[in-house]
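Residue numbers (our numbering), protein chains in the order written: chain A, 1209 to 1534; chain B, 1209 to 1534.
Notes follow the structure.
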């Protein structure tokens, strides 16, 4: 599947370059320290998925101009703001293979740089002078904070259902990706049928990305994903593979899993036991099945558009969302 | 001066009631816990200065309708968001006589409720569908976060100048009060001369409020202001009274002050010594003089408007800003 990634990267290379330039140009803090902290995370190898989606969504609706890359930064700045705050909240230590900002500069300033990026994103949104885009971006931001709160409230709660999980990931990840696609369509002044198709595409894609991320937390190499395996569970976050396994397990295995999950600091051996039980009850296979359904649903939405190279790229992104290795 | 406060409250009683209703009506989180945490601070006896200023600014420009109170909540929600984050950042324990939110619900959720209120404020701003208001609100939010960062960077630095101090308080307090006045004028579709007058009035008023707050940190009763006396200095925040005293003091007294300021945890006796030195070098009197100049400058701006009862109220607010006891 590295082939798919390479192929994709080749097709969007020029767009990615424009995004990098726009990110530097539109950060514009007064203070060097703010730039330094923001850049530590912004330029640490993010996939630029959200800004790329806004550009591709505008393009598939026939819109192409120099402003799109600038407005695309809204979504990367918002994303970075939430990552800065989430890492503080989760007590994370590593992100994208680098020490997290708050471990270098401290919690107080990291919270404030997060606030700055949130405000910066909304400021750039206001520069579109398009009330619908501004509304999408601000409502999205509101939903995301509530998604994070919901997740926090459900920490360590092994009674969490698949429905609860989907509701959390829809808010904390889905909405931003959905919003990027919708904003691209609005910038293009697309007909409602196209705006709706892209919005729905984005909402499925967002779920795929998050489910894939949650699967990687059980399956990937730390060296590849740049964070610690099993990190979600250590933070008390129950994701789809384990939620499904808990539901499918008999009482004995379920009891073993609950004991490990609720242990304040489980050992690598206990994590291995948990993984084996998650596999026994097909937790990862199940999560992949659900994600695949959303890949298919995302692609169906693209059928609204006539065939074109950009439609192919958007198809490929749906496949990549699920099959990436990091 | 309690007379002035009573008189003012009588004149704006109906507006304050409308503001309270609008604050309840426009909070609208999905989660009860978010409402509970936000309300803990929102309904803890805030002065409603910012929403009141938007209503009065619109009124002096001849604008009066039911939407103004709703849009006035933008400024109270933003203000509350910054207080929630500031209390986390400063490690504060008491605010308005109550334990701070993060001491009850923990830091993570408090950060997220702050994010929610920030987003909520920008969402309500977007509902004005007025690009200028949206721009003012989002730029203001950006500036405020940078003001807080600047203050944080200057913590415990006794070389801070009066100019640095003014620059910090302009960003962290002035801008929001200035923004409220400007937004009232924009809502009223006021002529530029009136919008500018109110904006400048607000910027002076904001400085007066913050300088008065900083004076109270040296002079008030804990029971009255609802927080600990000397709290700023304990947090390493050097404000105008001490900045002036440090500048005016001879080398010996200056050395004594610097020793106390840089001590990790000074005693009540040391704080008394510091207060005596601040008084010896007229630190508080000097801060009052500067604030009085801004009161006068604020009032001068109001001369742009013909005499009216609302102009009188705005005059009184400038006096109240300086002479309040809490």
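We put the beta carbon where it would ideally sit given N, CA and C, even for glycine.
The structure presented is a predicted model; accordingly, all values stated were derived computationally and were not measured.
Below 8 Å between beta carbons: does that hold for residue 1392 (chain B) and residue 1406 (chain B)? Yes, Cβ-Cβ distance for residue 1392 (chain B) and residue 1406 (chain B) is below 8 Å.
Within this structure, are the beta carbons of residue 1268 (chain B) and residue 1519 (chain B) separated by less than 8 Å? Yes, they are a contact pair.
For residue 1523 (chain B), which residues in the same chain have their Cβ closer than 8 Å to its Cβ, ignoring the five residues on either side in sequence? These residues qualify, in order along the chain: 1507, 1510.
Which residues in the same chain as residue 1444 (chain A) place their Cβ atom closer than 6 Å to its Cβ, once the five residues preceding and following it in sequence are excluded? The residues are 1363, 1364.
Please list, in chain order, all residues of the same chain as residue 1491 (chain A) whose beta carbon is under 7 Å from its beta carbon, the five residues on each side excluded. Only residues of its own chain outside the window of five on either side were considered, and among them 1449, 1450, 1452, 1453 have a CB closer than 7 Å to the CB of residue 1491 (chain A), listed in chain order.
Using a C-beta cutoff of 8 Å, does residue 1293 (chain B) count as contacting chain A? At least one C-beta of chain A is nearer than 8 Å to the C-beta of residue 1293 (chain B).
Do residue 1333 (chain A) and residue 1282 (chain A) have their C-beta atoms within less than 8 Å of each other? The Cβ atoms of residue 1333 (chain A) and residue 1282 (chain A) lie closer than 8 Å to each other.
Under the DSSP definition of a beta bridge, which residues are partnered with residue 1237 (chain B)? Its beta-bridge partners do not exist; DSSP assigns none.
Could you check the C-alpha separation between residue 1411 (chain B) and residue 1382 (chain B) for me, to the nearest Å? Taking the CA atoms as reference points, residue 1411 (chain B) sits about 5 Å from residue 1382 (chain B).
Does the region 1289 to 1303 of chain B touch the region 1413 to 1421 of chain B, meaning 3 or more C-beta pairs lie closer than 8 Å? With the cut-off at 8 Å, the region 1413 to 1421 of chain B and the region 1289 to 1303 of chain B do not touch.
What residue range is occupied by the uninterrupted alpha helix (DSSP H) comprising residue 1368 (chain A)? First-last for residue 1368 (chain A): undefined, no H or E at that position.
Take residue 1220 (chain B) and list the residues in its own chain whose beta-carbon comes closer than 7 Å to its own, dropping the five residues that flank it on each side. Same-chain partners within the cutoff: 1260, 1521.
Cβ-Cβ separation, residue 1317 (chain A) to residue 1245 (chain A) (assumed contact under 8 Å), whole Å: Indeed, because the Cβ distance is near 7 Å, the residues count as touching under 8 Å.
Considering just the uninterrupted stretch of the alpha helix (DSSP H) at residue 1329 (chain A), what are its terminal residues? Looking at the DSSP string, the run of the alpha helix (DSSP H) that includes residue 1329 (chain A) is 1315 to 1335.
Residues in the region 1329 to 1344 of chain A with C-beta within 7 Å of chain B's C-beta atoms, listed in sequence order? Correct list: 1330, 1331, 1334, 1337, 1339, 1342, 1343.
Could you work out which residues of chain B lie near residue 1354 (chain A), taking near to mean beta carbons separated by less than 7 Å? What residue 1354 (chain A) touches in chain B, judged by beta-carbon distance under 7 Å, is 1237, 1238, 1239, 1242, 1324, going in chain order.
For the 8 Å Cβ check, are there 3 or more pairs between the region 1234 to 1252 of chain A and the region 1296 to 1315 of chain A? Yes: the two stretches touch, three or more of their Cβ pairs being nearer than 8 Å.
Where residue 1305 (chain B) and residue 1531 (chain B) are concerned, what is the direct C-alpha to C-alpha distance, given to the nearest angstrom? Distance between the alpha carbons of residue 1305 (chain B) and residue 1531 (chain B) is about 20 Å.
Kindly list, in the order they appear in chain B, the residues whose Cβ is closer than 9 Å to that of residue 1477 (chain A). Neighbours of residue 1477 (chain A) across chain B, judged by C-beta separation under 9 Å, do not exist; the nearest C-beta is about 29 Å away.
Is the Cβ of residue 1388 (chain A) closer than 8 Å to any Cβ of chain B? Output row for residue 1388 (chain A): interface = no.
Pull up the distance between the alpha-carbon of residue 1380 (chain B) and that of residue 1495 (chain B), whole angstroms please. If you take the alpha carbons of residue 1380 (chain B) and residue 1495 (chain B), they lie about 18 Å apart.
On the three-state DSSP scale, how would you describe residue 1514 (chain A)? Here residue 1514 (chain A) carries a coil assignment [DSSP, helix/strand/coil].
Just by C-beta distance, which residues in the region 1453 to 1483 of chain A are closer than 7 Å to chain B? Among the residues of the region 1453 to 1483 of chain A, none has a Cβ less than 7 Å away from any Cβ of chain B.
In chain order, what residues of the same chain have a beta carbon less than 8 Å from the beta carbon of residue 1481 (chain A), not counting five sequence neighbours either side? Hits under 8 Å: 1464, 1468.
Whose C-beta lies closer than 8 Å to the C-beta of residue 1471 (chain B) among residues of the same chain, with five residues either side of it excluded? Close CB contacts of residue 1471 (chain B) within its chain, under the 8 Å cut and outside five residues either way in sequence, are with 1478 (chain order).
8 Å Cβ cutoff, residue 1371 (chain A) in contact with chain B: No, because no Cβ of chain B sits closer than 8 Å to the Cβ of residue 1371 (chain A).
By the DSSP assignment, the alpha helix (DSSP H) with residue 1259 (chain B) in it spans what residues? 1257 to 1268 is the span of the alpha helix (DSSP H), which, as asked, contains residue 1259 (chain B).
In whole angstroms, give me the CA-to-CA distance for residue 1270 (chain A) and residue 1395 (chain A). Between the alpha carbons of residue 1270 (chain A) and residue 1395 (chain A) lies a distance of about 10 Å.
To the nearest angstrom, report how far apart residue 1502 (chain B) and residue 1335 (chain A) are at their CA atoms. Within the model, the alpha-carbon separation for residue 1502 (chain B) versus residue 1335 (chain A) is close to 33 Å.
Could you spell out the range, first to last residue, of the alpha helix (DSSP H) harbouring residue 1422 (chain A)? Start and end: 1400 to 1427.
What does the Cβ neighbour count give for residue 1399 (chain B), buried or exposed, with the cut at 16 atoms within 10 Å? Exposed: under 16 other Cβ atoms inside 10 Å.
Quick check: is the beta carbon of residue 1316 (chain A) nearer than 8 Å to any beta carbon in chain B? It does; some Cβ of chain B falls within 8 Å.
Can you find at least 3 beta carbon pairs, one from the region 1228 to 1236 of chain A and one from the region 1276 to 1290 of chain A, that sit closer than 8 Å? Yes, the region 1228 to 1236 of chain A is in contact with the region 1276 to 1290 of chain A.
Under 7 Å from the C-beta of residue 1346 (chain A): neighbouring residues of chain B: Per Cβ cutoff of 7 Å: 1327, 1330, 1331, 1334.
What separation, rounded to the nearest whole angstrom, lies between the Cα atoms of residue 1264 (chain B) and residue 1257 (chain A)? In a straight line, the C-alpha of residue 1264 (chain B) is about 45 Å away from that of residue 1257 (chain A).
What first and last residue would you give for the alpha helix (DSSP H) that runs through residue 1461 (chain B)? Under the DSSP assignment, residue 1461 (chain B) falls in the alpha helix (DSSP H) whose first and last residues are 1459 to 1470.
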